[in-house]
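Data first, discussion second: the structure below is written as structure tokens.
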DNA sequence: TAGATTGTTAATCGATTAACAATC
DNA sequence: TAGATTGTTAATCGATTAACAATC
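Protein chains in written order, with the working numbering: chain A, 25 to 234; chain B, 25 to 234.
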């Protein structure tokens, strides 16, 4: 509600640790030291320790951490051991890609239905997920107590669609439209900014060439 | 090459300013004050001024900034007034979504060809972009002096594909696979982390409920 | 015990915010 | 001129890094 006790940068690093640790586990490695993780992932070793401590991981001096324990702790901390049901609005190419993208359920969210205002899209399934007409959103979201929404509509429709979603009880919105949404302060918005990410890449490229 | 002179957070905010300013311009507004932008975008007004100064924008006391000047300055600063040619590898659903996504050219990159190792996909077009067999990547990338690559293959194939791309002259890699790539230090990697973004959203949601 | 590794407390660094001077 | 807004210099704050104590 107020300032989150966990620093955002820590939260950003944990999934990387998780991904690396999963690889170790798949390779059958049982133990790992913070120093080794730091080395491979390009993070300061003290940072790794702090982050792991935040996630509630305890290691043992001399032997390090058990890979399985780390994975379990991070999973629990990020709530990746359970999942919330989510509704997606905007079954265009980006929405379709997300519906087909494997692993969201493992990452805490399960997309249980998609919506689109194009009647031609409604009634089909994309992957395993049914696509419904947008009119059904409000009623279903309320009945199913959905609190997570994913917004993949064109920029021009983003604000109005977000308003509809919030009015239907959505409290957390994953926004893929390149628009700053104006929503009540109790709604949590996470913007996935494709253009920003691309801009960063290109800017760093031109900085490095000069 | 060394530390970029422009703070990353500034670079992240500039596209948001740009998007907001475009809206103002479309609405026919000619001038805007930093304080007003700060208010609407939820950024401290001093921050807005600092960011705009970084991007080379000059305003006039009392009257503020001209919207058109701000847009032009940010465009130039982010290199959004020109574009680099880019190759995309991995024409799955995510790759397809990017190929159909409007506006990358405006944001500095034009995807001129896509590649996939599935022969069934080669030979078609997705949107306006031809899809070619992966074997052709190296030769074409070198001949066309492509330096920007977009990686949308499954995680298991990401490292090997990235190696191939770098060996063919790619110097900047926009990576959508949830994998930490191990590449030569001269290669610039920008990871677009879907799972991390989702994790942040869900974590903030659970923090706010408790 | 000695050595390695953890976890914590202190110092540094960079970004944000506050205070203020400049100017149209 | 007075007022509004800019741009800059100083203070704060938080994250990162460094130093060190704890422990298996």
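The beta-carbon is built from N, C-alpha and C at its ideal position, and this holds for glycine as well. The model shown is predicted, which means the values in this text are computed figures rather than measured ones.
Chain-ordered chain B contacts of residue i [CB-CB under 8 Å]
i, result
"residue 185 of chain A", "Simply none; closest approach about 17 Å."
"residue 65 of chain A", "204"
"residue 159 of chain A", "Simply none; closest approach about 25 Å."
Per-residue DSSP class, three states only, for residue i
i, result
"residue 153 of chain A", "strand"
"residue 205 of chain B", "coil"
"residue 115 of chain B", "coil"
"residue 129 of chain B", "coil"
"residue 228 of chain B", "helix"
"residue 190 of chain B", "helix"
"residue 177 of chain A", "coil"
"residue 47 of chain A", "helix"
"residue 147 of chain B", "coil"
"residue 69 of chain B", "helix"
"residue 30 of chain A", "coil"
9 Å Cβ cutoff, residue i in contact with chain A
i, result
"residue 124 of chain B", "yes"
"residue 136 of chain B", "no"
"residue 85 of chain B", "no"
"residue 128 of chain B", "yes"
"residue 226 of chain B", "yes"
"residue 192 of chain B", "no"
"residue 231 of chain B", "yes"
"residue 30 of chain B", "yes"
"residue 269 of chain B", "Absent from the structure is residue 269 of chain B, since the part of chain B shown begins at 25 and ends at 234."
"residue 217 of chain B", "yes"
"residue 149 of chain B", "no"
"residue 171 of chain B", "yes"
Closer than 9 Å to chain B by CB, residue i
i, result
"residue 43 of chain A", "yes"
"residue 52 of chain A", "no"
"residue 60 of chain A", "no"
"residue 220 of chain A", "yes"
"residue 212 of chain A", "yes"
"residue 120 of chain A", "yes"
"residue 175 of chain A", "no"
"residue 72 of chain A", "no"
"residue 116 of chain A", "yes"
Residue i Cβ short of 8 Å to the ligand MG heavy atom set
i, result
"residue 189 of chain B", "In the structure shown, the ligand MG is absent, as is every other ligand, since no ligand is present at all."
Beta-bridge partners of residue i, as assigned by DSSP
i, result
"residue 213 of chain A", "A/197"
"residue 88 of chain A", "A/84"
"residue 56 of chain A", "A/89"
"residue 109 of chain B", "B/134"
"residue 294 of chain A", "Here chain A covers residues 25 to 234 and nothing more, so residue 294 of chain A does not appear."
"residue 172 of chain B", "B/110, B/196"
"residue 139 of chain B", "B/113, B/156"
Chain-ordered neighbours of residue i on chain B, where CB pairs are closer than 7 Å
i, result
"residue 111 of chain A", "Within 7 Å Cβ-Cβ: nothing; residue 111 of chain A doesn't reach chain B, min ~14 Å."
"residue 49 of chain A", "Correct list: empty, because the minimum Cβ distance to chain B is about 15 Å."
Interface residues of chain A facing residue i [CB-CB closer than 7 Å]
i, result
"residue 144 of chain B", "Those within 7 Å of residue 144 of chain B in chain A number zero; the least Cβ separation is about 17 Å."
Quick check: the stretch 129-142 of chain A against the stretch 151-162 of chain A, are at least 3 beta-carbon pairs closer than 8 Å? In short, these stretches touch, since the Cβ pair count reaches three.
Answer yes if the stretch 159-171 of chain B comes into contact with the stretch 115-133 of chain B, meaning at least three C-beta pairs across the two stretches below 8 Å, and no otherwise. Too few Cβ pairs lie closer than 8 Å, so no.
Check whether the stretch 176-195 of chain A and the stretch 88-102 of chain B are in contact - that is, three or more C-beta pairs closer than 8 Å. Judged by Cβ distances under 8 Å, the stretch 176-195 of chain A makes no contact with the stretch 88-102 of chain B, as fewer than three pairs qualify.
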